[in-house]
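At position 32 of the sequence shown (counting the first as 1) the number is 26 in my numbering, and the numbers step up by one without a gap. C-beta: ideal position from N, C-alpha, C; glycine also. Working notes for the structure below.
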Amino acid sequence: MPHPALVHHTETQFRKSVVALSPDAWTAVGYAASTQHMIEGAASVTIIDTSESTGAARNVLAAFRQHTDKPVGRILYTHSHRDHISGATVFAEGRDIPIFAAAGFHSDLVGQDGAAIAPTAALNRRTQAQFGFGLTPEERISLGCGPGERPMDGMGAGHLPPTELIAADRDIDLDGVPARLILAPGETADHMAVWLPEAKVLFPGDNWYHAFPNLYAIRGTPYRDFQAWADSLELLAGLGAEVLAPGHTRPVFGADKVREVLDTTRAAILHVMRHTAEGMNAGLSLDDIAAGIALPPELADKPWLGEFYGKAAWAARAFAVGTLGWYDGNPTHLGTLSSQRRAEHMAALAGGPDDLRAAAEQTDDLQWRLELCDALIALGQPAEAMKAAALETLAEAEINATARNTYLWHARRLRAAEGAP
Ligand SMILES: [Zn+2]
């Protein structure tokens, strides 16, 4: 049984619907991994973000057409992640229309930006695991940022490059609707928020969604600047928005509520930074820093800081490595034991590989069982089925969708490797 909190998050946040933000602005939720937004002007509409596929974009455009059939006059990209920029051709409908994005618009997909030597295959494998490619929608439940079930046709096929790059905050006329484009580095460095001062509607991109912020994506991302993200949340909170329409999950209504979700998310980021820096200053290991992190009670009880997408322990590791690199200050870690050598030592301590296997079978600490399974596998001993079963048990206990998907994705491969049922 999947964790009920993850099921609840999925049912409440990703139920397919077009939500009115104001008399002339709407958000499409649950149609794709990300959300898409429409602002109606005098004779045209503006689209903010375009989904990850032409299949999803077609469904969104059809849903928006229920409100107005004015043509799309321009597109705004909040940032360069593929789940926001890959359905533009559907909205442009073959016309040349302006597409605005931040001047730093640039993919953070390591190795898919043209670099010749890069861990591209690793990124692809980890991306498949994080998003649960090949799992059934029932197994997957959720992407953490979007519904587990969504159209896959035309994935990545409808991208159009930006035609106008914004180098500084700028007011813009959206066919009669005044708006401000605000550079707001956060989940990516190239984030551009969109602010409608008259309707007091704010589109923060992925700098806020109803889940703990993905300060590190386990598919593999370069360091995300924690301080810049926190600063952008402070800036956005200061606008006095009455409606917040994020790049994932449902909109938030009410000035006090918007302020609260932005302020507490900023506080959560600062908490991770402080906890990690203090641990590093005290000479703690990364394991101890990650194992010891917990949000303070006044943040832990906020539903929008539930770890459905990002995870505080992963964020702590990312902050440590992103600031001082992989070395944790313990000289033991300057040397290296290969996985096999370490496993040989562990087996010797246990009394031999059979005793190591018995220990793995008997422990009720699933994390420890995984580590012992890895040691057995490093010794060439079959432990794939035991590891798969442990991963499946951990997956069912997870509220984090990307951890769940990754556990189940690897469990399936391990079972295939060992030929086990
Ligand atoms: Zn996104």
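Practice item. Please work out which residues of its chain come closer than 6 Å, Cβ to Cβ, to residue 180, disregarding the five sequence neighbours upstream and downstream, and give them in chain order. Key: The residue labelled residue 180 in the question sits at position 186 within the sequence shown. Same-chain partners within the cutoff: 201, 223 and 226.
Review point. Does any heavy atom of ligand 1 sit closer than 7 Å to the C-beta of residue 241?
Key: Translated into positions along the sequence shown, residue 241 becomes position 247. Result yes, Cβ under 7 Å from ligand 1.
Check your understanding: At what residues does the alpha helix (DSSP H) containing residue 244 begin and finish?
Key -> In the sequence shown, counting from the first residue as 1, residue 244 sits at position 250. Careful: residue 244 lies outside any alpha helix (DSSP H) and carries neither H nor E.
Check your understanding: Are residue 366 and residue 334 close, meaning C-beta to C-beta below 8 Å?
Key -> On the sequence shown, position 372 is the one that residue 366 refers to. On the sequence shown, position 340 is the one that residue 334 refers to. Cβ atoms of residue 366 and residue 334: not closer than 8 Å.
Point to revise | Per-residue burial, residue 347 [other beta carbons within 10 Å of its own, 16 or more giving buried] | key: Translated into positions along the sequence shown, residue 347 becomes position 353. Flag for residue 347 reads buried.
Check your understanding: How many Å lie between residue 415 and residue 409 at the Cα?
Key -> As a working note, residue 415 is residue 421 in the sequence shown. As a working note, residue 409 is residue 415 in the sequence shown. Here residue 415 scores only 47 on pLDDT, less than 50, and its place in the model should not be relied on; the value that follows carries that caveat. Put simply, the backbone Cα of residue 415 is about 7 Å away from that of residue 409.
Review point. How would you label residue 111, buried or exposed, when you count the other beta carbons within 10 angstroms and need 16 or more for buried?
Key: Start at 1 with the first residue of the sequence shown, and residue 111 comes out as number 117. Counting Cβ neighbours within 10 Å, residue 111 comes out exposed, since fewer than 16 surround it.
Point to revise | DSSP state of residue 387 mapped onto helix, strand, coil | key: Mapped onto the sequence shown, residue 387 falls at position 393. Residue 387: helix per DSSP, three-state reduction.
Point to revise | Own chain residues within Cβ distance below 6 Å of residue 255, not counting five before or after | key: Translated into the one-based positions of the sequence shown, residue 255 becomes position 261. Correct list, in chain order: 246 and 298.
Check your understanding: Shortest alpha-carbon distance to residue 154 belongs to which of 80, 23, 50 and 57?
Key -> Within the sequence shown, numbered from 1, the residue matching residue 154 stands at position 160. Taking the Cα of residue 154 as reference, the smallest distance to any Cα among 80, 23, 50 and 57 is reached at 80.
Exercise for review: Look up residue 349 in the DSSP assignment and give the residues it is bridged to.
Suggested key: Numbered from its first residue, the sequence shown carries residue 349 at position 355. According to DSSP, which records beta bridges pairwise, residue 349 is partnered with nothing at all.
Exercise for review: Kindly indicate which three-state DSSP category residue 145 falls into: helix, strand or coil?
Suggested key: Within the sequence shown, numbered from 1, the residue matching residue 145 stands at position 151. Correct three-state label for residue 145: coil.
Exercise for review: Return yes when the Cβ of residue 262 is within less than 8 Å of the Cβ of residue 184, no when it is not.
Suggested key: As a first step, residue 184 must be located in the sequence shown, where it is residue number 190. As a first step, residue 262 must be located in the sequence shown, where it is residue number 268. Not a contact, by the Cβ cut-off of 8 Å.
Practice item. Can you give me the start and stop residues for the alpha helix (DSSP H) that residue -5 sits inside? Key: To locate residue -5, count along the sequence shown from 1; it is residue 1. Residue -5 -> no alpha helix (DSSP H), and no H or E assigned at all.
**Study point:** Simplified DSSP assignment, three categories, for residue 9
**Key:** Counting from 1 along the sequence shown, the entry for residue 9 is found at position 15. Correct three-state label for residue 9: coil.
Check your understanding: If you draw a straight line from the alpha carbon of residue 18 to that of residue 9, how long is it in whole angstroms?
Key -> Taking the sequence shown and counting its residues from 1, one reaches residue 18 at position 24. Taking the sequence shown and counting its residues from 1, one reaches residue 9 at position 15. Each residue's alpha carbon lies about 22 Å from the other.
Check your understanding: Per DSSP, what kind of secondary structure is residue 336 in: helix, strand or coil?
Key -> Your numbering for residue 336 matches position 342 in the sequence shown. Helix.
Check your understanding: Relative to ligand 1, is the shortest distance from any of its heavy atoms to the C-beta of residue 445 smaller than 7 Å?
Key -> Here the chain covers residues -5 to 415 and nothing more, so residue 445 does not appear.
Practice item. Please say whether residue 14 and residue 54 have beta carbons closer to each other than 8 Å? Key: Counting from one through the sequence shown, the residue named residue 54 turns up at place 60. Counting from one through the sequence shown, the residue named residue 14 turns up at place 20. Result no, Cβ atoms of residue 54 and residue 14 do not sit closer than 8 Å.
Practice item. Count the other C-beta atoms from every protein chain shown that fall within 10 angstroms of the C-beta of residue -5, then say buried if there are 16 or more, exposed otherwise. Key: Residue numbering aside, residue -5 sits at position 1 when the sequence shown is read from its first letter. Exposed.
Check your understanding: Say the cut is 7 Å; is the CB of residue 327 nearer than that to a heavy atom of ligand 1?
Key -> Counting from 1 along the sequence shown, the entry for residue 327 is found at position 333. Outside the cutoff, so no.
Exercise for review: Indicate, with yes or no, if ligand 1 has a heavy atom lying under 7 Å from the CB of residue 184.
Suggested key: Start at 1 with the first residue of the sequence shown, and residue 184 comes out as number 190. Outside the cutoff, so no.
Check your understanding: Within 7 Å: the Cβ of residue 367 and any heavy atom of ligand 1?
Key -> The count along the sequence shown starts at 1 and reaches residue 367 at position 373. Relative to ligand 1, even the nearest heavy atom lies 7 Å or more away from the CB of residue 367.
Point to revise | Nearest to residue 173 (by Cα), restricted to the options 363, 94 and 317 | key: The residue given as residue 173 occupies position 179 in the sequence shown. The candidate whose alpha carbon is nearest that of residue 173 is 94.
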